[in-house]
Every structure is written in C-alpha cells, then in structure tokens.
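S.K.: Chains as they are written, first to last, in this note's numbering: chain A, 1442 to 1555; chain W, 393 to 510. Attaching a single structure in structure tokens format; questions to follow.
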C-alpha cells in the first residue's frame, strides 16, 4: 500500500495549458504539503494544509491553486502553464501529534512544459 | 530566516567504507528538528534520520548516524559500511519546533550527490 501517492507521475504539456496533480495519503495524517524541486534539485515549500485549512502559502504565482477536499487529499491546479513551471512537484503529509510531525513524501510528479 | 547549507555538491565512497556528509544551518531558534532525506534515482524522498535539537544524544539508525553540534550549528551524517544502494542525493533539512503556519515547513539544503564505488 502506497502511503502518499501522486498522480500522474509524469506530465508533459504545452505552454498555456491548465493541468492538475492529485495527491492522496492513507496514513491518517492531518497535514499535507506541496513542494517544488527545480532543475538544480532545490526543494522549496509551496503550500500546506491542516485539516483542509491553508496554513502555508509561500510566494507562489496565483496561477497555482491548491485544493484540499478532505484531510486525505490535496490537489494542485496550475493555470496558464509556463516554461519555468517545469519541475518535479512533491506531495507530503504528516500528523502534528505523531512522530514529531515527520513529513512523508510521495514519489513526485515530473512536469515538463514545452 | 533559517538557512541550511550543504557545502559538498558531490562525494564518493568505496563500498564498505565510511563517509560523512556535512550540513550547517543558521537559526535563532532554540528548539527545532533536523533531518536527513535520501533521494535515489527513483526520485522518492526517503527519511534517513531525525534529530531533535533539545536532545544531546546523537541519533542513529542502523548504519546511519549523525554528529549534532548545536553550538556550532552543524549536523553531519555518517554512513558506515557503505552499500551500492546508498548511492543517492542526500538532503539536510530543518524544521522549527511547534506547529502552525511557517513553522511547519521543511527548509532544505542544496543536496550532496553520493556515489558508491564497487
């Protein structure tokens, strides 16, 4: 059973398109995250939700919109894709009261914008 | 703002030997957590080891151990008896203690790519 699963694993699309990445966790965690890993492998937080409430919103273009329909799901929708959006996007989850709030990551979604 | 620095972009070790990866960080906080994550070619981010800043004892997980020097703000990872499967990118990360808002985020270093030679 995959603990944190993201779909799709690979996404190739044209500039200007709109796309979504989905994330689901079956760990019973109450907090979920989106991180972006750029071409130089640098990882940076984008968003975090706790119990469906947005608690972290870093400086991210408003073309990126996260949505958390419930505690187990966090989706990322990206409008008007640009070349610079090409990256690997990681979903992660944790529980604030367990294991020191350790974050567990999904396998990542590699987004390529052509 | 907190920062994490990994000064070794690449390291190499012979199989069965020991290697140490360096990490320094900057913070004005007294309570926080430090992590080492491993990212093999499969891209999956895997937690290797965690250290709570309030604990003086260095964390260990099988062949992996850390040298945590709080005053020096240093957090190095030692891999003993290196195996081919240890080849990966290793990231050092910092998180503030407590919960809520920006304290929840992991702040990553730039990573160290470890090669294991047979």
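Every residue, glycine too, gets a C-beta built ideally from N, C-alpha and C.
Measuring alpha carbon to alpha carbon, tell me which residue in W/457, W/454, W/466 and W/428 is nearest residue 483 of chain W.
M.R.: Counting from one through the second chain, the residue named residue 483 of chain W turns up at place 91. Among W/457, W/454, W/466 and W/428, the Cα nearest to that of residue 483 of chain W is on W/428.
S.K.: So the beta strand (DSSP E) residue 431 of chain W belongs to, where does it begin and stop?
M.R.: Translated into the one-based positions of the second chain, residue 431 of chain W becomes position 39. Run containing residue 431 of chain W: 424-431, per the beta strand (DSSP E) assignment.
S.K.: For residue 375 of chain W, which residues in chain A fall below 7 Å Cβ to Cβ?
M.R.: The shown model of chain W, from 393 to 510, leaves out residue 375 of chain W, and the question about it has no answer.
S.K.: Going by beta carbon distance, what residues of the same chain come within less than 8 Å of residue 457 of chain W, once the five residues before and after it are set aside?
M.R.: Counting from 1 along the second chain, the entry for residue 457 of chain W is found at position 65. Correct list, in chain order: 441, 450, 451, 469, 470 and 472.
S.K.: If we require 4 or more residues per run, which alpha helix (DSSP H) segments fall completely within the stretch 1493-1539 of chain A?
M.R.: With a minimum length of 4 residues, no continuous alpha helix (DSSP H) run stays inside the stretch 1493-1539 of chain A.
S.K.: Who does residue 1546 of chain A pair with in a DSSP beta bridge?
M.R.: Within the first chain, numbered from 1, the residue matching residue 1546 of chain A stands at position 105. Answer is A/1533.
S.K.: Between the stretch 1471-1500 of chain A and chain W, which residues of the former have a C-beta closer than 9 Å to a C-beta of the latter?
M.R.: The residues in question are 1472, 1474, 1476, 1478, 1481, 1482, 1483, 1484, 1485, 1486, 1489, 1491, 1496, 1497 and 1499.
S.K.: Label residue 1552 of chain A either buried or exposed according to how many other C-beta atoms from any shown protein chain fall within 10 Å of its C-beta, with 16 as the threshold for buried.
M.R.: Indexing the first chain from 1 puts residue 1552 of chain A at position 111. Classification for residue 1552 of chain A: buried.
S.K.: Strictly under 8 Å for the Cβ-Cβ distance: is residue 500 of chain W near chain A by that measure?
M.R.: Along the second chain, read from residue 1 onward, the residue named residue 500 of chain W stands at position 108. Closer than 8 Å to some Cβ of chain A, the Cβ of residue 500 of chain W qualifies, so yes.
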